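4 protein chains.
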Amino acid sequence: MTDDAVLRNLREFVAERDWAQFHSPENLAKSVSIEAAELLECFQWSPDFDADRVNEELADVLTYCYLLADRLGVAPDQLVLDKLAKTRVKYPVEKARGRSTKYDQL
Amino acid sequence: MTDDAVLRNLREFVAERDWAQFHSPENLAKSVSIEAAELLECFQWSPDFDADRVNEELADVLTYCYLLADRLGVAPDQLVLDKLAKTRVKYPVEKARGRSTKYDQL
Amino acid sequence: MTDDAVLRNLREFVAERDWAQFHSPENLAKSVSIEAAELLECFQWSPDFDADRVNEELADVLTYCYLLADRLGVAPDQLVLDKLAKTRVKYPVEKARGRSTKYDQL
Amino acid sequence: MTDDAVLRNLREFVAERDWAQFHSPENLAKSVSIEAAELLECFQWSPDFDADRVNEELADVLTYCYLLADRLGVAPDQLVLDKLAKTRVKYPVEKARGRSTKYDQL
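Residue numbers (UniProt numbering), protein chains in the order written: chain A, 1 to 106; chain B, 1 to 106; chain C, 1 to 106; chain D, 1 to 106.
Shown next, in the form of structure tokens:
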């Protein structure tokens, strides 16, 4: 489970700035996409990367993901575990092993 | 700190399928962007949304973020806390309160 | 059909800088996503927008789309017309009229 | 200049379905990002790609770009040419030749 300390810190940061008014689920979803592209930009022309820059951009994506999860009243880690249980079924080991094929073409 | 249980589960899932070979940082960054857009698609034509669908797509974004963090040897929650400390400086409460203006225009 | 003048200008711009070496289809596809997110950023917190900024970001998305089309040897406008013919079939007027529902749920 | 035939076809397609009501600039910008990610998905795990699939996804990105340009009252090709003139200044040949470095670090 994501530590309460992180969510508590994020909530305090947002409350101090009175920013909850901007954090509709739709705006947070846009923000996740925007930050994901800044992460991708670290790899725009090459697979080589600057680790510090990647860490910063990944932090931004995670921050908006956590804010959205909190807005929806769900725990990030629980979401991941629940989805993983479904993905295990969609990608059975014997079929998916060593292949990057999408489940509907396995 | 993100519970070790989540990372342990993700690592096991990947190892069973021999998928680490596909999980270069670049490919994981692409995957974060791809899943972020599927999350955004839940809000394509309206701010109204199907909560179950949003949860599933958010889980996918988080999953690739966690896999990338693990690949880089960093803890997701620590990344968020470190970045938050910097963002607090970029957006001082007295300037940023109640405004969605970008820091370089505050 | 997209005017040859645009493609001729783009090709000259790239050739002068010896940038074709960076313009693999994969890198151009990443670039389209990165610029699309900068366009989205114009609408991050509100549907209101700065028209000049939107025009600039839209230009960047289009530029990488044109470069990718040219790399693949296809004409942008022909691509759009060919796809439109298929979309007309997927979204018949009588079913799709006034609804934003995805074709597989019509 | 993008041929009027393409815009005429797109406008007719939208009008027949009464879809202009969904095509706010914000929704079209979201749509560009969503389709850009589907294009990126063609390259998720490898630089190798299926040309037909790439063409289809690129067509979708272009379609939403053209619809957004039309909604804003600007011609796609003119946008690209205007931006190219600015980019020529930001990336002078003598500095940018053979390098993928961003202009602010040249």
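A virtual CB, placed ideally from N, CA and C, is assigned to each residue, including glycine.
Just so we're clear, the structure is a prediction, and the values are computed from it rather than from any experiment.
Beta carbon proximity, residue i to chain B, threshold 7 Å
{"i": "M1 (chain C)", "result": "Below a pLDDT of 50, predicted positions are generally treated as unreliable, and M1 (chain C), at 44, falls in that range; no measurement from the model is reported."}
{"i": "K83 (chain D)", "result": "no"}
{"i": "A75 (chain A)", "result": "no"}
{"i": "R71 (chain A)", "result": "no"}
{"i": "S33 (chain C)", "result": "yes"}
{"i": "residue 112 (chain A)", "result": "Outside the modelled stretch of chain A, which goes from 1 to 106, sits residue 112 (chain A), for which no answer is possible."}
Cβ neighbour criterion (16 or more within 10 Å) applied to residue i
{"i": "W15 (chain A)", "result": "Per the sequence shown, the amino acid found at residue 15 (chain A) is Ala instead of Trp. That one is exposed."}
{"i": "R17 (chain B)", "result": "buried"}
{"i": "T101 (chain D)", "result": "exposed"}
{"i": "P92 (chain B)", "result": "exposed"}
{"i": "K95 (chain D)", "result": "exposed"}
{"i": "L106 (chain A)", "result": "exposed"}
{"i": "S33 (chain D)", "result": "buried"}
{"i": "A85 (chain B)", "result": "exposed"}
{"i": "S46 (chain C)", "result": "exposed"}
{"i": "D4 (chain C)", "result": "exposed"}
Contacting residues, own chain, Cβ-Cβ under 6 Å from residue i (five flanking each side not counted)
{"i": "E38 (chain A)", "result": "E57"}
{"i": "L28 (chain A)", "result": "Y64, L67 and L68"}
Same chain only: Cβ atoms within 7 Å of residue i, ignoring 5 sequence neighbours per side
{"i": "K90 (chain B)", "result": "Y103"}
{"i": "R8 (chain C)", "result": "none"}
{"i": "W19 (chain D)", "result": "none"}
{"i": "S31 (chain B)", "result": "Y64"}
Interface flag, residue i vs chain C, CB-CB below 7 Å
{"i": "W45 (chain B)", "result": "yes"}
{"i": "L40 (chain D)", "result": "yes"}
{"i": "R17 (chain D)", "result": "yes"}
{"i": "N55 (chain A)", "result": "no"}
{"i": "L79 (chain D)", "result": "yes"}
{"i": "E94 (chain D)", "result": "no"}
Minimum Cβ-Cβ distance from residue i to chain A less than 7 Å
{"i": "F22 (chain C)", "result": "yes"}
{"i": "K90 (chain C)", "result": "no"}
{"i": "R11 (chain B)", "result": "no"}
{"i": "K30 (chain C)", "result": "yes"}
{"i": "A37 (chain C)", "result": "yes"}
{"i": "R97 (chain B)", "result": "yes"}
{"i": "L7 (chain D)", "result": "no"}
Contact set for residue i: own chain, Cβ-Cβ below 8 Å, skip 5 residues either direction
{"i": "D60 (chain B)", "result": "E35, E38 and L39"}
{"i": "L10 (chain A)", "result": "T63, Y66, L67 and D70"}
{"i": "P25 (chain C)", "result": "L68, R71 and L72"}
{"i": "C42 (chain C)", "result": "F49, D50, R53, V54 and E57"}
{"i": "L81 (chain C)", "result": "none"}
Neighbour flag for residue i against chain D, beta carbons, 7 Å
{"i": "V14 (chain C)", "result": "no"}
_List, from N- to C-terminal side, the beta strand (DSSP E) runs of 3 residues or more that fit wholly inside the segment 59 to 103 of chain D._
Counting only runs of 3 or more residues that sit fully inside the segment 59 to 103 of chain D, no beta strand (DSSP E) segment turns up.
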